[in-house]
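Enquirer:
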Amino acid sequence: MAFLTHFPVSPIHHHSSSLITRFFISPKPKTHLIFATLSSSSTIKPSSSLSILQDITLPEETPLQISQEKLFIPPDTDISSETPPRILKGSNIVLSKYARDAQVISAEFVKSSVETEACPSDGSPEFALVGRSNVGKSSLLNAIVRRKKLALTSKKPGKTQCINHFRINDSWYLVDLPGYGYASAPNELRKDWNKFTKDYFLNRSTLVSVFLLIDASIPAKKIDLEYASWLGQNQVPMTIIFTKCDKRKKKKNGGKHPEENVQDFQDLISEYFEAVPPWIMTSSVTNQGRDEILLHISQLRNYWLKH
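Residues -1 to 305, numbered by this note's numbering, are exactly what the sequence shown covers, in order.
Printed below as a string of structure tokens:
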């Protein structure tokens, strides 16, 4: 249960929910690189039939095998029994009793804000999407809610320039944040994006988790590693969402498949974290990972609302 650990007594900032203190990924000193692996003598395969889920059916097969020490185990979840834990396909996330009400019934754009104080104030839980400007944030958001034009997409990176709130099922929010690392944007504009995005991470009390999007079709980028490190050091709850996992062009992108790039990224961030954060492999083209994201959101959300 490596993810349910204790953290420094004096954190850099405080969130209102006890969920945050349980779902942190603890940063570690950058003294040496520790390589993580997805295989060991004790591996676990994800399960396909879930009696607690009636609104989403998971695929039957997955090529991934996850060693128990690399699993993300939600609070109030016991995996010590003889029954193998149920794991979401293409992820390291164990399902808990809080995984329910995962379907998207309604989705609507609410507002755009340029400062945290201007964001919706109804107290509903929210999940923020952030990543490099061409990582496919808006496309993934549209795929999650099955609405092609809910979030604007563009071939030109940097389209999202505000904190955009989308209300789901009239009870929780998906939040589309400005992308980072887009060199063609004016320097002052990039500074503004960076400032209000990080202020939102540090001071938004209703933020349940940041979904950090990483392009799995290419090798790890330094800026992504730096962003993941910043979130960890500032004790911001994080889930890594690997995008573009449908792209398998071996001669391109360093000759590696998405699964290999996913593994490489985890190896690299192990330098900064004592344990690998929760992660999910996705594709907005094939809808891979859509149901898994919704189930992950549902169990985080339901635990957050209870506590």
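We put the CB at the ideal spot given by N, CA and C, even for glycine.
Looking at C-alpha atoms only, which residue of S282, W277 and I267 is the closest neighbour of H71?
Expert: Within the sequence shown, numbered from 1, the residue matching residue 71 stands at position 73. The question names His, but residue 71 in the sequence shown is Ile. When only C-alpha atoms are compared, the closest one is W277.
Enquirer: Given H294, which residues of its chain have a CB within under 6 Å of its CB, disregarding the five upstream and five downstream residues?
Expert: What you label residue 294 is simply residue 296 of the sequence shown in a count that begins at 1. Contacts found: I91.
Enquirer: Which value, in whole angstroms, describes the spacing of the CA atoms of P275 and T241?
Expert: Here the question's residue 275 lines up with position 277 in the sequence shown. Here the question's residue 241 lines up with position 243 in the sequence shown. Cα-Cα distance, rounded: 16 Å.
Enquirer: Using only the alpha-carbon positions, how far apart do A100 and S296 sit?
Expert: Position 102 of the sequence shown, counted from the first residue, corresponds to residue 100. Position 298 of the sequence shown, counted from the first residue, corresponds to residue 296. Rounded to the nearest angstrom, the two C-alpha atoms are 5 Å apart.
Enquirer: Does the beta-carbon of K220 have 16 or more other beta-carbons within 10 angstroms, so that it is buried, or is it exposed?
Expert: Along the sequence shown, one-based indexing puts residue 220 at 222. Its Cβ having fewer than 16 others within 10 Å, K220 is exposed.
Enquirer: Does DSSP put H255 in a helix, a strand or coil?
Expert: Residue mapping note: residue 255 aligns to position 257 of the sequence shown, counting from 1. In this structure, H255 counts as coil in the three-state DSSP scheme.
Enquirer: Do you know how far the Cα of P73 is from the Cα of L266?
Expert: Mapped onto the sequence shown, residue 266 falls at position 268. Mapped onto the sequence shown, residue 73 falls at position 75. If I take the Cα positions, the gap works out to 26 Å.
Enquirer: DSSP state of V260, grouped into three classes?
Expert: Residue mapping note: residue 260 aligns to position 262 of the sequence shown, counting from 1. In this structure, V260 counts as helix in the three-state DSSP scheme.
Enquirer: Under the assumption that G129 contacts L205 (Cβ atoms under 8 Å), give the Cβ distance between them as a whole number of angstroms.
Expert: Counted from its first residue, the sequence shown places residue 129 at position 131. Counted from its first residue, the sequence shown places residue 205 at position 207. No, G129 and L205 are not in contact; Cβ-Cβ is about 16 Å, not under 8 Å.
Enquirer: Could you check if A116 is buried or exposed, using at least 16 other CB atoms within 10 Å of its CB as the buried criterion?
Expert: Your numbering for residue 116 matches position 118 in the sequence shown. A116 comes out exposed.
Enquirer: Which word fits S215, buried or exposed, when buried means at least 16 other C-beta atoms lie within 10 angstroms of its C-beta?
Expert: Looking up residue 215 in the sequence shown gives position 217. The residue is buried, with at least 16 neighbouring Cβ atoms inside 10 Å.
Enquirer: Does the separation of the CB atoms of R288 and W170 fall below 8 Å?
Expert: Within the sequence shown, numbered from 1, the residue matching residue 288 stands at position 290. Within the sequence shown, numbered from 1, the residue matching residue 170 stands at position 172. Going by C-beta atoms, R288 is not nearer than 8 Å to W170.
Enquirer: According to the neighbour-count rule (16 or more other Cβ atoms, all chains shown, within 10 Å of its Cβ), is N222 buried or exposed?
Expert: Stepping through the sequence shown from its first residue, residue 222 is reached at position 224. Note on identity: in this sequence residue 222 is Asp, with Asn being the wrong assignment. By the 10 Å Cβ count, D222 comes out buried.
Enquirer: Between V102 and V133, is the Cβ-Cβ spacing less than 8 Å?
Expert: Taking the first residue of the sequence shown as position 1, residue 102 is located at position 104. Taking the first residue of the sequence shown as position 1, residue 133 is located at position 135. No, these two residues do not count as a Cβ contact at 8 Å.
Enquirer: What is the DSSP secondary structure of G230, reduced to helix, strand or coil?
Expert: The residue given as residue 230 occupies position 232 in the sequence shown. Here G230 sits in helix by DSSP.
Enquirer: If contacts are defined as beta-carbon pairs under 8 Å, then E163 and P118 qualify, I think. What distance do you get, rounded to the angstrom?
Expert: Reading the sequence shown from its first residue, position 165 is the one you call residue 163. Reading the sequence shown from its first residue, position 120 is the one you call residue 118. This sequence places His at residue 163; Glu is not what is there. Confirmed, Cβ separation roughly 5 Å.
Enquirer: In whole angstroms, give me the CA-to-CA distance for I77 and P83.
Expert: Here residue 77 is taken as the residue at index 79 of the sequence shown, counted from 1. Here residue 83 is taken as the residue at index 85 of the sequence shown, counted from 1. Distance between the alpha carbons of I77 and P83: 6 Å.
Enquirer: Determine, using beta carbons only, whether K135 and D197 come nearer to each other than 8 Å.
Expert: Here residue 135 corresponds to residue number 137 of the sequence shown, with the count starting at 1. Here residue 197 corresponds to residue number 199 of the sequence shown, with the count starting at 1. No, the pair does not count as a contact, with Cβ atoms beyond the cut-off.
Enquirer: Within its chain, find whatever has a CB closer than 8 Å to the CB of D320; leave out the 5 residues flanking it on each side and keep chain order.
Expert: Missing from the structure shown is residue 320; the chain here goes from -1 to 305 and no further.
Enquirer: Can the beta-carbon of S94 be found closer than 8 Å to that of E290?
Expert: Stepping through the sequence shown from its first residue, residue 94 is reached at position 96. Stepping through the sequence shown from its first residue, residue 290 is reached at position 292. Their beta carbons are not under 8 Å apart, which means S94 does not touch E290 by this criterion.
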